[in-house]
Structure formats: C-alpha cells, structure tokens
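Mapping to numbering that gives the first Met the number 0: the sequence shown position 179 is 178, numbers consecutive. Everything below concerns the one structure shown next.
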Amino acid sequence: MRTTLLILLLASCATIPGAPPLSYETDAGLTYAHDAETAEHYGREATELTRRVGDLLGLEELTPFELRVLDTPLPRGNGAGTVNWYDADGLRTRYIQLGVEGRRESYRLIAHELVHWHVEHEWGLPLVIEEGLAELVSASFLPRGAELLDDRRMDALEALVRDEPILRNGRPLQIDRASWRQLSAQEKHVLYGYGFLLAEGIGIDGLRELATDEIEQRAASILGSIALPTPNTRPGP
Ligand SMILES: [Zn+2]
0 MRTTLLILLL
10 ASCATIPGAP
20 PLSYETDAGL
30 TYAHDAETAE
40 HYGREATELT
50 RRVGDLLGLE
60 ELTPFELRVL
70 DTPLPRGNGA
80 GTVNWYDADG
90 LRTRYIQLGV
100 EGRRESYRLI
110 AHELVHWHVE
120 HEWGLPLVIE
130 EGLAELVSAS
140 FLPRGAELLD
150 DRRMDALEAL
160 VRDEPILRNG
170 RPLQIDRASW
180 RQLSAQEKHV
190 LYGYGFLLAE
200 GIGIDGLREL
210 ATDEIEQRAA
220 SILGSIALPT
230 PNTRPGP
C-alpha cells in the first residue's frame, strides 16, 4: 500500500514542474515538500487555516490551495512566502510558496498567503488594500496579533505624518503586482501598514461586498478623516 502510494506520488510529480517530490492532500488542498513529514505538518496547518480564513472572510466556496514548502529560501524580494505562478509549455499554475526561512512564522505567513489565494481574483481590491487585509486576517489568529496590529497602525500613521514619498507620489492604490516587486523593503513596510489601516477602516464585509470604485472612495474618506498635524488638514475655525 505504502509502495503504491509512493509510486503514485512519484508519478504525479513528473507532471508538476518545480514542485517538491512528496505531497500531502486534504479536502482543503495539496501540500508539497521534500519529505513526507514536512508535507503533512504544513498541510495540516494550511488546512486548519483555510477553515479559519474562510470563516473570517465569510467565503462560501474555497478553491483548494496548492502549497509548496521549500527547503531553500525564496528568491530575494519575495519575502518568506508568496503566491506564485509557473509558466512553461503554455501551463499556468498558481501555488503558494513557503521559503525555508518562513518556517518559524509559518502560521502567520500561510494565513497571509491564503487570503491572497482566495481573494485575489474574486474581490477586485487594490493590491495595497489586499495586503492590508492579509495582514489583518493573519494577525488576528496570533496570540500577540492585537499588539502586532497596533504597531502596524502606528507605523502607518507616522508614515502619513512624515509624508513618506511612497504615500505622496506613489499613488498607493494604483500599485500593481509588477511594481510592488520593485519596491524597497522600507516602502513595502509602510504600505503594509497603510493597507492595513484602510482594510480595517473599511471592514471585511465592505471589502467583500463593495465595488472597486466604492472601496477607493471609502479609502479616500478614511484618509481624509485622519487628523494629521499639518496646517492643511486642521479643521477651519
Ligand atoms: Zn501579501
């Protein structure tokens, strides 16, 4: 039985370029890793998180995930987790990658990537707000999540007060995935906080139900209501 399973796994890996060789499957999705124990460990974690993410976001249908747990770091500029695509021979495959450096924080990282996985093509959110939602959801599962989000909130408010160039000229809501990859770590840090501030302000129900232009209007009104200590934003006498 075990031998048959192994042969099937080896046979299936031939059709999945770049995926680690061993897999673990549940009704929520499929996890690949370089050894069976690792595949099962992260597969169980991602399965539990899929239920939690689905409940919190109010999702009725959950597309099964594909998670690849690497034993090497991800290429520079990708953080420790990504949702990625593989393009070859006309194949277009979407999967979540967890780099080896992300294992210690896997619960938060996988939750963050699962939000992208389920929301990206469905909700039509500006990327920065989608990032903020992923931060909001993933932190809410952590014992110290509230503290982490307080830090995010403060960082974002301080960046607004400082009038950070990426917030002034970068037109944050227009940033797409290609330009996101070009940003510095500091710019991304600022934008995660900014996106979180907006995602929290609009709320999960609003993000799920409003059209993209309505979300942009809500974002503008949230930013307008933040009283920054500069003469322009103080109310008149
Ligand atoms: Zn993200």
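A virtual CB, placed ideally from N, CA and C, is assigned to each residue, including glycine. All values derive from a computational prediction rather than experimental measurement.
Alpha carbons only, please: which of the options is nearest the one belonging to residue i?
| i | options | result |
| --- | --- | --- |
| Leu48 | Ala145, Ala138, Leu159 and Leu156 | Ala138 |
| Leu156 | Gly144, Gly223, His117 and Tyr94 | Gly223 |
| Glu100 | Val118, Glu112 and Pro74 | Pro74 |
| Glu129 | His115, Pro142 and Leu141 | His115 |
| Gly123 | Ser22, Glu213 and Tyr191 | Glu213 |
| Met153 | Arg180, Pro63 and Tyr191 | Tyr191 |
| Pro142 | Glu104, Leu159, Leu172 and Pro171 | Glu104 |
| Ala177 | Leu126, Val136 and Arg102 | Leu126 |
| Asn83 | Glu119, Glu146 and Ala45 | Glu119 |
| Glu59 | His117, Leu159, Val189 and Gly194 | His117 |
| Gly205 | Leu56, Tyr193 and Asp70 | Leu56 |
| Ala35 | Asp54, Leu69, Thr211 and Leu209 | Leu69 |
| Ala158 | Val136, Ser183, Arg180 and Val189 | Val189 |
| Gly78 | Glu199, Gly17, Ile109 and Ala219 | Ile109 |
| Gly194 | Ile221, Gln181, Leu209 and Leu29 | Ile221 |
| Ala32 | Asp26, Pro19 and Arg43 | Pro19 |
| Thr207 | Asp26, Gly53 and Leu21 | The sequence shown places Arg at residue 207, not Thr. It is Gly53 whose Cα lies nearest to the Cα of Arg207. |
Following the continuous beta strand (DSSP E) through residue i, name the residue where it begins and the one where it ends.
| i | result |
| --- | --- |
| Gly28 | Gly28 to Ala32 |
| Arg67 | Phe64 to Val68 |
Tell me the residue span of the alpha helix (DSSP H) that contains residue i.
| i | result |
| --- | --- |
| Val99 | No alpha helix (DSSP H) holds Val99; DSSP gives it neither H nor E. |
| Asp163 | The question names Asp, but residue 163 is Glu in the sequence shown. From DSSP, Glu163 is part of no alpha helix (DSSP H); its letter is neither H nor E. |
| Asp204 | Ile203 to Glu208 |
| Leu57 | First, the amino acid is wrong: residue 57 is Gly here, not Leu. Gly57 -> no alpha helix (DSSP H), and no H or E assigned at all. |
| Ser178 | Arg176 to Gln181 |
In this structure, how does DSSP classify residue i when only helix, strand and coil are distinguished?
| i | result |
| --- | --- |
| Ile156 | Position check: residue 156 holds Leu in this sequence, whereas Ile was assumed. Three-state DSSP puts Leu156 in a helix. |
| Ser137 | helix |
| Glu119 | coil |
| Leu21 | strand |
| Gly78 | coil |
| Arg93 | strand |
| Ala218 | helix |
| Gly223 | helix |
For residue i, count the other beta carbons within 10 Å of its own beta carbon; 16 or more makes it buried, fewer makes it exposed. Which is it?
| i | result |
| --- | --- |
| Arg161 | exposed |
| Ile225 | exposed |
| Gly131 | buried |
| Pro164 | exposed |
| Arg107 | buried |
| Ser171 | In the sequence as displayed, the identity of residue 171 is Pro instead of Ser. Pro171 comes out buried. |
| Ala133 | buried |
| Glu146 | exposed |
| Gly202 | exposed |
| Gln216 | exposed |
| Thr14 | For Thr14, the predicted structure reports a pLDDT of 42, less than 50, and the residue's modelled location is therefore unreliable. The matter cannot be settled from this model. |
| Thr71 | exposed |
| Arg151 | buried |
| Glu186 | buried |
With a cut-off of 8 Å on the beta carbons, I'd call residue i and residue j a contact; round off their distance for me.
| i | j | result |
| --- | --- | --- |
| Arg67 | Tyr94 | 5 Å |
| Phe64 | Ala45 | 6 Å |
| Ala198 | Leu135 | 5 Å |
| Leu97 | Tyr41 | 7 Å |
| Gly80 | His111 | 7 Å |
Please find out if some non-hydrogen atom of ligand 3 comes closer than 7 Å to the beta-carbon of residue i.
| i | result |
| --- | --- |
| Glu130 | For ligand 3, the structure offers nothing, since it holds only ligand 1. |
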